[in-house]
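Chains as they are written, first to last, in our numbering: chain Y, 1 to 331; chain X, 332 to 662. Working notes for the structure below.
Number of protein chains: 2
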Amino acid sequence: MVTLKDIAKEAGVSVMTVSRVVNQRYSEVSEENIAKIQEIIKKLGYIPNSSARSLSSKSSRIISVIINGTHNPLSSPYNALMLGQIVLGVQERGYNTMVHFTDEYSEVTKHLHSWKAEGAIFLGTFEESIRQIQEDNKIPLIFTDSYTTIRQVNNIGIDDYKGGVLAAEHFIKNGHTNFAFISPHLHMSQVIQQRLAGFEDALKKAGFGLPADCIFEPYLTAEEKIDALCSNTAVPTAVFAATDTCATETIAALKKKGYRVPEDYSVIGFDDLDICKNIEPTLTTISQNIKLKAKYVLNVLFDHLQNHDLPTQNVILDVELVERDSVAKVN
Amino acid sequence: MVTLKDIAKEAGVSVMTVSRVVNQRYSEVSEENIAKIQEIIKKLGYIPNSSARSLSSKSSRIISVIINGTHNPLSSPYNALMLGQIVLGVQERGYNTMVHFTDEYSEVTKHLHSWKAEGAIFLGTFEESIRQIQEDNKIPLIFTDSYTTIRQVNNIGIDDYKGGVLAAEHFIKNGHTNFAFISPHLHMSQVIQQRLAGFEDALKKAGFGLPADCIFEPYLTAEEKIDALCSNTAVPTAVFAATDTCATETIAALKKKGYRVPEDYSVIGFDDLDICKNIEPTLTTISQNIKLKAKYVLNVLFDHLQNHDLPTQNVILDVELVERDSVAKVN
DNA sequence: CTGAAAGCGCTTACAG
DNA sequence: CTGAAAGCGCTTACAG
């Protein structure tokens with residue numbers, strides 16, 4: 001393996017001079033030496049040892065992306081898209097990405113400390129552990145979709161509540177009077193709760209209600225939820241699904257039982273994934289801009305990396321309803 | 332930050348004794364000291380510095396996953412699922428995952444060398460650069476879906492050709508006589524070419540053909556391909572799409588133009604992603620077992636990590652046709 | 001079972 | 001503009 005020392009020997013200078021050239025501190029080295037050293041670096045194919053650099057400079061150039069979940073969190077298109085955009089942005093800035101899946105706060109700290117990560121990005125729900133994570137890790141930490149009440153948390157989120165409101169309003173505008181909410185998770189995260197809250201509040205405001213037995217969340221497969229939904233006394237016609245994936249499964253389950261969408265059941269999803277355009281009917285959904293979200297995540301992270309004294313930021317991106325064909329007009 | 336030295340001082344022993352305990356070399360330390368040191372480690376929250384470890388031991392415990400593509404390769408569900416399974420397996424074994432997106436071989440080497448990665452996994456097409464990558468990186472390298480003719484390459488792939496054959500046979504069995512092939516990529520990777528070859532060969536064997544103008548690949552959106560397809564003179568009724576994503580888009584485009592699937596056009600996909608069950612009609616497809624594939628990738632990698640002299644392995648997993656509702660019977 | 005010495009490949013901080 | 005010294009936090013290899 002080629003080291004600074006090898007280059008130095010070949011060039012007849014000290015390792016410091018080579019180090020300066022490698023780190024592009026050109027003002028500190030004579031032009032003559034710069035040229036000579038650069039040539040030798042190229043010739044020998046020198047690649048700096050990041051561990052050594054990290055150890056001596058206390059700067060690892062590693063960004064860790066911590067994703068909640070211990071199964072395969074990348075089976076969620078949302079997580080996959082976010083991670084992809086993040087890796088891209090991290091690379092662009094000359095940093096490296098480590099990926100770690102975990103639910104446990106202690107593992108987070110272990111991971112970040114052992115590699116001396118310079119910053120970390122969190123995808124998924126870490127509400128319970130945010131305080132502890134922040135206490136133990138004095139590096140820029142960017143959370144996403146957090147509803148923590150702790151101050152001083154960098155967070156990039158979206159207006160989940162408004163998403164729920166928009167869904168309700170769209171259903172109402174189209175004449176619906178009986179509603180249901182379907183959540184994909186066993187555990188109702190704050191994100192899902194907010195979407196539900198917005199939906200429910202907007203319904204109430206318009207004089208409608210969301211009966212408890214029309215909120216489907218726990219321990220059911222999509223098909224079981226649909227069974228329950230369809231056997232309800234006050235049959236809902238307007239179903240708000242908390243995510244596009246959930247909406248897609250819901251629609252498939254409805255069709256399988258012989259129902260028509262949107263004629264028998266209208267459905268609105270959340271996220272605006274590509275799949276929305278490719279199912280039938282195309283899915284009316286609440287759109288969040290994942291690329292923009294990732295961009296903010298990266299900007300806030302690298303701003304804080306440059307200046308650790310920057311105040312924390314809580315960026316809430318807007319959402320909008322994208323109308324497609326999964327909601328019918330009712331008289 | 333807590334270091335070995337701090338623990339050593341507190342315990343009244345040398346750093347070596349602490350190092351032994353940290354590395355669980357218990358047979359080399361007295362029970363008394365093990366207990367004392369472990370307690371102090373816990374008390375002070377000591378976390379070993381991976382960079383220092385890597386530098387002195389020449390063992391980084393880093394596995395790099397290199398994914399082909401410079402846009403967002405994780406927008407492909409296949410890549411996302413594979414990466415997710417890999418991260419999981421790497422973590423299970425106490426290693427760490429770095430992710431890097433690139434098309435360029437020089438970047439690969441730079442990345443692997445600078446972090447002294449102990450092994451690397453390649454997702455996507457690296458055919459052109461495999462030789463160079465292998466020459467420059469003397470660590471276990473696992474490629475996936477490679478058709479390189481270079482010997483001595485670890486590769487985990489699937490029987491793409493057979494997938495094409497199965498698709499053709501299924502169409503023929505259902506009475507179809509006019510066929511088309513739709514590829515998602517501008518550039519026809521070997522993987523896609525093999526799927527096409529199997530399809531075409533099986534058609535020929537049964538006395539059918541695949542006209543050149545029924546092979547759609549270059550520089551067209553899904554909709555444009557469909558336009559071309561539907562305006563063909565010898566109208567195909569059986570469309571083999573090289574991936575499920577491509578099939579999904581094809582079906583959506585067909586429906587948009589007012590055609591019925593499978594009655595007007597029957598479609599077979601490839602991969603067996605979750606989405607197959609959630610579109611209408613549910614998608615008949617060639618199934619590959621992504622979890623199993625990832626498992627082999629990890630096994631071959633870590634086997635080679637334990638024993639660098641192991642012979643290279645080229646594992647080809649089987650595929651099978653999963654029948655759903657996107658292929659109609661024709662008389 | 002224990003530890004002192006040397007070194008991994010860099011950078012920081014300083015002297016010239 | 002240049003370099004010698006010290007050190008980052010570990011492990012290897014050896015001596016006892």
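C-beta atoms are modelled at their ideal positions from N, C-alpha and C, and glycine is treated no differently. It should be emphasised that the depicted structure is a prediction, and the values quoted were computed from it without experimental measurement.
{"Item": "The beta strand (DSSP E) enclosing phenylalanine 181(Y), as first and last residue numbers", "Value": "179-182"}
{"Item": "Beta-carbon spacing of serine 326(Y), glycine 269(Y) below 9 Å", "Value": "yes"}
{"Item": "Backbone secondary structure at aspartate 491(X) - three-state DSSP", "Value": "helix"}
{"Item": "Contacts of leucine 414(X) in chain Y (Cβ-Cβ under 7 Å)", "Value": "Leu74"}
{"Item": "Phenylalanine 502(X) in three-state terms, based on DSSP", "Value": "helix"}
{"Item": "Identity of the residues DSSP links to aspartate 271(Y) by a beta bridge", "Value": "Ser287(Y)"}
{"Item": "Within the segment 385-455 of chain X, ranges of the alpha helix (DSSP H) (whole runs, at least 4 residues)", "Value": "408-423 and 436-445"}
{"Item": "For asparagine 155(Y), the nearest candidate out of Ala120(Y), Lys138(Y) and Ser76(Y) (CA to CA)", "Value": "Ala120(Y)"}
{"Item": "Contacts that lysine 255(Y) makes with chain X (C-beta to C-beta distance below 7 Å)", "Value": "Glu611"}
{"Item": "Through-space distance from isoleucine 63(Y) to asparagine 307(Y), alpha-carbon basis", "Value": "16 Å"}
{"Item": "Positions along the segment 456-472 of chain X whose CB lies within less than 9 Å of some CB in chain Y", "Value": "Asp467"}
{"Item": "Alpha-carbon spacing of lysine 586(X) relative to valine 261(Y), whole angstroms", "Value": "15 Å"}
{"Item": "Beta-carbon neighbours of leucine 203(Y), restricted to chain X and to distances below 9 Å", "Value": "Near leucine 203(Y) there are no residues of chain X at all, since even the closest Cβ is about 27 Å away, more than 9 Å."}
{"Item": "Bounding residues of the beta strand (DSSP E) (the contiguous stretch that carries asparagine 645(X))", "Value": "645-648"}
{"Item": "Coarse secondary structure for leucine 623(X), derived from DSSP in three states", "Value": "helix"}
{"Item": "Identity of the residues DSSP links to leucine 321(Y) by a beta bridge", "Value": "Ile286(Y)"}
{"Item": "Bridge partners - threonine 475(X), DSSP secondary structure assignment", "Value": "Ile487(X)"}
{"Item": "Span of the beta strand (DSSP E) around phenylalanine 334(Y)", "Value": "Any question about residue 334(Y) goes unanswered here, given that chain Y covers just 1 to 331."}
{"Item": "Any C-beta of chain Y under 9 Å from that of histidine 442(X)", "Value": "yes"}
{"Item": "Per-residue contacts from phenylalanine 101(Y) into chain X (C-beta, under 7 Å)", "Value": "Val418, Leu419 and Gln422"}
{"Item": "Top-ranked residue by Cα proximity to arginine 324(Y), from Ile66(Y), Ser287(Y) and Asp303(Y)", "Value": "Ser287(Y)"}
{"Item": "Simplified DSSP assignment, three categories, for phenylalanine 672(X)", "Value": "In the structure as shown, chain X starts at 332 and stops at 662, and residue 672(X) therefore has no counterpart that could be examined."}
{"Item": "Alpha helix (DSSP H) segment containing isoleucine 582(X), residue limits", "Value": "575-587"}
{"Item": "Buried/exposed call for lysine 293(Y), threshold 16 Cβ in 10 Å", "Value": "buried"}
{"Item": "C-beta contact flag for histidine 176(Y) and valine 330(Y) at 9 Å", "Value": "yes"}
{"Item": "Option in Asp476(X), Tyr436(X), Val421(X) and Ser460(X) with minimal Cα separation from glutamate 449(X)", "Value": "Val421(X)"}
{"Item": "Residue environment, threonine 568(X), which counts as buried when at least 16 other CB atoms sit within 10 Å", "Value": "buried"}
{"Item": "Reduced DSSP secondary structure (H/G/I, E/B, other) of serine 30(Y)", "Value": "coil"}
{"Item": "Touching by the beta-carbon criterion (3+ pairs, under 8 Å), the segment 339-346 of chain X and the segment 13-20 of chain Y", "Value": "no"}
{"Item": "With 16 other Cβ atoms within 10 Å as the buried cut-off, status of arginine 357(X)", "Value": "Arginine is not the amino acid found at residue 357(X); the sequence shown has tyrosine there. Per the 10 Å Cβ criterion, exposed."}
{"Item": "Backbone CA spacing between cysteine 246(Y) and isoleucine 621(X) [nearest angstrom]", "Value": "22 Å"}
{"Item": "Supposed contact pair asparagine 609(X) and isoleucine 182(Y) - C-beta distance, whole angstroms, cut 8 Å", "Value": "With a Cβ gap of about 14 Å, isoleucine 182(Y) and asparagine 609(X) do not count as contacting."}
{"Item": "Test item: CB-CB of arginine 392(X) and tyrosine 426(X) under 9 Å", "Value": "yes"}
{"Item": "Spatially closest choice to alanine 52(Y) from Pro73(Y), Glu169(Y), Leu4(Y) and Tyr161(Y), by CA coordinates", "Value": "Leu4(Y)"}
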